[in-house]
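Just so you know, we're using the numbering used here here: the sequence shown kicks off at 8 and counts up by one. Presented below is the structure to which this report refers.
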Amino acid sequence: MKKKIILFSVLAIILLGMILFLFAKIPSPQMDHKIFGSYFEKKICKKYELTFVDETFNYAESAGYDSQTLSLIIHGDPQIYKYHDRDIYCRITADYKGKTITVRFKGTKIIGTKYKWSLENEDAFEVFKK
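Set out below in structure tokens:
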């Protein structure tokens, strides 16, 4: 009975060690791009496109944009323009009263294709200040 408990404990510790090792070896976005190429970029951009659009509208409204005017046009199709460590940088463009605004987001990889996003350039929303 004691041998079974010890054997089970050793197997559990080995399994936990393997899981921790795998989590420590989650590939960086750069490695994902090298392995999967444009498929990776398309998947990320498609997955987070609505997030970028929503966040752009939210930041614009908090900066003073009046959504009743309907003069802010956000173009879909975000683009990844930079990789750095566990981060990727995406941009999306918008038109507002004849001006083109580029909104940049930084995504930090959590696991797989799950990222935590933050705005990189709040100064892009200066055009909405009154």
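Just so you know, even glycine gets a beta-carbon here, dropped at the ideal spot from N, CA and C. Predicted model only: the values in this text are computed from it and were never measured.
- When Cβ pairs closer than 8 Å are counted between the two stretches, the stretch 50-68 is seen to touch the stretch 97-107, the count reaching three or more.
- Membership of residue 86 in the beta strand (DSSP E) is indicated by the continuous run 86-91.
- Leaving aside the five residues that flank residue 116 on each side, the residues in its chain whose CB is nearer than 6 Å to its CB run, in chain order, 36, 93 and 122.
- The criterion of a C-beta distance shorter than 7 Å is satisfied by residue 33 and residue 118.
- Between residue 133 and residue 111, the beta carbon gap of about 14 Å keeps them out of contact (Cβ cut-off 8 Å).
- Taking C-beta separations shorter than 8 Å and ignoring five residues to either side along the sequence, residue 12 has no partners in its chain.
- A distance of 7 Å or more separates the beta carbons of residue 95 and residue 108.
- When secondary structure is reduced to three states using DSSP, residue 50 falls in the helix class.
- Where residue 39 is concerned, the enclosing alpha helix (DSSP H) starts and stops at 36-43.
- Around the beta carbon of residue 55, 16 or more other beta carbons sit within 10 angstroms, so the residue counts as buried.
- In terms of Cβ geometry, residue 63 and residue 81 form a close pair [threshold 7 Å].
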